[in-house]
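Structure first, commentary second.
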Amino acid sequence: MVENLVIVESPAKAKTIEKFLGKDFMVKSSFGHIRDLTKKEFGVDVKNNFEPDYIVSDDKKAVVKELKSLAKDAKTVWLASDEDREGEAIAWHLAEVLDINDEKVKRIVFHEITKNAILKAIESPRPINKNLVDAQQARRVLDRLVGFEVSPVLWKKVKPQLSAGRVQSVAVRLIVEREREINNFKPASSFRVNGIFKIVDKSGKETELKAELSKRFSNKADAEAFLQRSLKAEYAVENIVTKPAKRSPAPPFTTSTLQQEASRKLGYSVSQTMSVAQRLYEAGKITYMRTDSVNLSSLAINTSKAKITELYGEAYSKTRQFKTSSKGAQEAHEAIRPTYIDKETVTGTKQEQRLYDLIWKRTVASQMSDARLEKTTITIGISKTDEKYVASGEVIKFDGFLKVYTESTDDEEEKKNGQTILPPLEIGRQLDCIEVLAAQRFTLRPPRYTEASLVKKLEEQGIGRPSTYAPIITTIQNRGYVVKSDRPGEERKFVTLVLKNDNIKEETKTETFGQEKSKLFPTDIGMVVTDFLMKSFKSIMDYNFTAKVEEEFDEIAEGDLVWNEMIGDFYKPFHNLVEESLQHSEKANGERVLGSDPETGKQVSVKIGRYGPLVQLGETTDGENGEKPKFASLQPGQSIETITLDEALSLFRLPREVGEYEGKKVTVSIGRFGPYVRHDNKFISLSKTDDPFSVGIDRAVELIEAKREKDRKAVIKVFDEDNDLRVLNGRWGPYVSYKKKNYKIPKSTKPEELSFDDCMKLIKAADENPKKGRRKKQ
DNA sequence: CAGTGAGCGAGCTTCCGCTTGACTT
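Here the first sequence stands for residues 2 to 779, numbered as in this note's numbering.
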């Protein structure tokens, strides 16, 4: 029997705290929430003051049972869940479920896992804050009402299995609207002019100085006129301005900033970052990784100071406490930092080491001095015209925190503007101009979201929580609203004018732009659902909806508002929208008429069908004449919103019969797995460079023969005893194939030397004890 | 592995936030 039972949310936290507390304390974990609204029913009694119907989740039954029996025997039960809305609710649910005497229960809180903080917390217990619990109940009930009332409207009006929610629908809206901004974007061009000057220093060494003209020209004629004016011009330094500047370090990591930096610097996906961080946390190497706080414990600040002084000297140390600026932050934890800041590196996988390194640097840099810079601007005058060239540069006078860490940005343009060191010059110096280059530049369309930049945007709007950023991104992809994908760049021509050796030369060059890697694209269904929700549930889709209800949750937490009343005020108009939409909304399928087929005059349209987006030739009403419309699926990368009539029509040109080979038809088409050639009931994939619309019989035969050759090579051995048994060479090396199942060959044996009996032994052994993780999902 | 798009009806789907494993590749 234990005197004191302490319950926290996370088992790793329990382990740490137990060490601080000594023998009389047993520390256990609830593994997060233990109860939730029932899923089988609606879970909220809307006719009875929105009474919630809570049940212990299936996967928590064992935990609850254990905690219950421990609590029964303990003298005091300390509920030590986090000090935020959700944590307070967890404490309350525990108190309700554990079924123990109120006097035995004490609620304690701490914001950092240090011995001092824990001992202090034990000294000052408090009752459960019911107002805060009510704020959580309001949050939970509101999310259930929105999710479980709006989703069924989508099932009826758009497609079964779809979902809508306070957070996910707005996340999808962001991506849809960005995509439309990009589709509607019309790039404008202007001419940017750079002069390259020759500088000779005292020792006779030559360097080049690049300076940009302070003016851009909106068209080629103006740029050309400027170059004409510049012919035989003379150049001189008109002014040099030097200004001191400073740069300060970024605050320590929160979940969102860690996800952003790990994405930019290490290329990790949001969920990858979280699982690597989880492992570091469980190994006791970093503090809790789901946090919205930039706060550091005084212990952490002091150890950083000592470490920085030791490594870089006192001048580099500057202790700082940061304040959070993000909307809706609840700051139940510390910032994400190394548990022991004096440890510069850790053992573990490469991934863990790299993430730890990032966290260490960010934390330490946050406690370092500002960097001091000197910014210099040189203005160069032109003898024959009023425009000026400007060159700017930056010199680091004292590196401060930059010695350790610099935060990255999402802005690609910013990266190019790297700091340059300017050569020493003085006012009045004459400069030789090597060349003047005027190049046509285009305005940039808005960037598509990456996982991490979406998280950043959501956090700015106060939507979602540290524990949900990664799941949100998974959800909107699983629902088919959004896909993460790459897109090849497009080519575009641009004009350059070069003035060199008193001669102006025009040239047209090509550049690629708009290349995308791992970006979030909305699907057709994502766009149709967003449009539907915007029409019927505008208030829920409002970017400020979460912020608005959060204010009310805060009032509930303060005791100034009663939660059921707040929900009641929300529900009445909301439920009316639901009813209204169910009764009056048209079915939404995103149908768009593209025009008519020049050959038949029939209408060509696109819409979302049962199996996805399709193009339709002819109308269903034509059926009266006995003619059914023709259908074809859209290809990956095509969208019902942007597809053109020509693109749509060409989808009907497949499958194409390209000829005959060995007396059998050869056809080309596009299937689920891409373009293919079909011959004698065999399918052969086209290569990336083949165009399914133009591939001819010669190329098709070439592919068929190549495939046959490959298949021949793939067979290492066949057996007379049993035709089903073969030794094959596959993508991952040789293997044994028998009755459609594949078997690994031990590394020690040579595949050519396997006998029939050897193979059968292998098969028997593998079938008899299937290894864990090799079984197929049912 | 390489389709599908008629209509009906039964039975199912769905939210957000707090936590880890247990899965499979």
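The C-beta atom is built at its ideal place from N, Cα and C for all residues, glycine as well.
Treat the numbers as computed from the prediction; the structure is a model and nothing was measured.
Classify residue 156: buried if its beta carbon has 16 or more other beta carbons within 10 angstroms, exposed otherwise.
exposed
Do the CB positions of residue 531 and residue 9 come within less than 7 Å of each other?
no
Report the three-state DSSP secondary structure of residue 477 (helix, strand or coil).
Helix at residue 477.
Could you give the DSSP three-state label for residue 2: helix, strand or coil?
Residue state, collapsed to three classes: coil.
Assuming residue 736 contacts residue 729 (C-beta within less than 8 Å), just tell me the rounded distance between them.
6 Å
Who does residue 504 pair with in a DSSP beta bridge?
Residue pairing of residue 504 in beta bridges, as defined by DSSP: 501.
How many angstroms separate the CA atom of residue 617 from the CA atom of residue 639?
15 Å
Check whether the region 531 to 540 and the region 142 to 160 are in contact - that is, three or more C-beta pairs closer than 8 Å.
yes
Which residues bound the beta strand (DSSP E) around residue 431?
431 to 443
Please name the residue or residues paired with residue 613 in a DSSP beta bridge.
610, per the DSSP bridge assignment.
With residue 291 and residue 467 assumed to form a contact (beta carbons below 8 Å), what rounded beta-carbon distance in angstroms separates them?
4 Å
Might you give, ordered along the chain, the residues of its own chain that have their beta carbon closer than 6 Å to the beta carbon of residue 474, omitting 5 neighbours on each side?
271 and 452
Tell me which same chain residues have a C-beta within less than 8 Å of the C-beta of residue 684, skipping the five on either side of it?
672, 677 and 678
Per DSSP, which one or two residues make a beta bridge with residue 680?
667 and 683
On the three-state DSSP scale, how would you describe residue 331?
coil
Starting from residue 347, follow the alpha helix (DSSP H) in both directions and report where the run begins and ends.
No alpha helix (DSSP H) contains residue 347, which DSSP labels as neither H nor E.
Residue of 463, 522 and 497 minimising C-alpha distance to residue 487:
522
Secondary structure at residue 282, three-state DSSP: helix, strand or coil?
helix
Straight-line CA distance for residue 381 to residue 445?
29 Å
Using the beta-carbon count (16 or more within 10 Å), is residue 344 buried or exposed?
Using a 10 angstroms sphere on the CB of residue 344, the tally of other CB atoms stays under 16, which defines it as exposed.
Does the region 580 to 587 come close enough to the region 601 to 616 to have 3 or more Cβ pairs within less than 8 Å?
Touching, no, given that fewer than three Cβ pairs across the two stretches are closer than 8 Å.
Quick check on the burial criterion: 16 or more other C-beta atoms within 10 angstroms. Buried or exposed for residue 196?
buried
contact_flag[the region 560 to 578, the region 121 to 139] where n(CB pairs < 8 Å) is 3 or more:
yes
Applying the criterion that 16 or more other CB atoms from any shown protein chain within 10 Å of the CB defines a buried residue, is residue 36 buried or exposed?
buried
In terms of residues, what are the limits of the alpha helix (DSSP H) holding residue 117?
116 to 124
CA-CA distance, residue 636 and residue 482?
16 Å
Need the endpoints of the beta strand (DSSP E) that residue 108 sits in, please.
106 to 108
Buried/exposed call for residue 460, threshold 16 Cβ in 10 Å:
buried
Could you say which of 723, 364, 691 and 119 lies nearest to residue 21 if we only look at CA atoms?
Looking at the Cα atoms, 119 is the closest of the given residues.
Report the three-state DSSP secondary structure of residue 32 (helix, strand or coil).
In the displayed model, residue 32 falls within coil according to three-state DSSP, outside both helix and strand.
In whole angstroms, give me the CA-to-CA distance for residue 419 and residue 547.
At residue 419, the pLDDT of 48 sits below 50, so the modelled position is not reliable; the number obtained from the coordinates is stated separately. The alpha-carbon atoms of residue 419 and residue 547 are separated by roughly 39 Å.
Across which residues does DSSP place residue 521 in a beta bridge pair?
485
Residue(s) in a DSSP beta bridge with residue 447:
Paired residue(s): none; residue 447 is not in a bridge.
Counting only runs that start and end within the region 511 to 581, where is the beta strand (DSSP E) found for 3 or more residues in a row?
Listed in chain order, they are 517 to 523.
Spatial distance of residue 385 from residue 236 (CA atoms):
9 Å
As assigned by DSSP and simplified to three states, the class of residue 205:
Coil, per DSSP.
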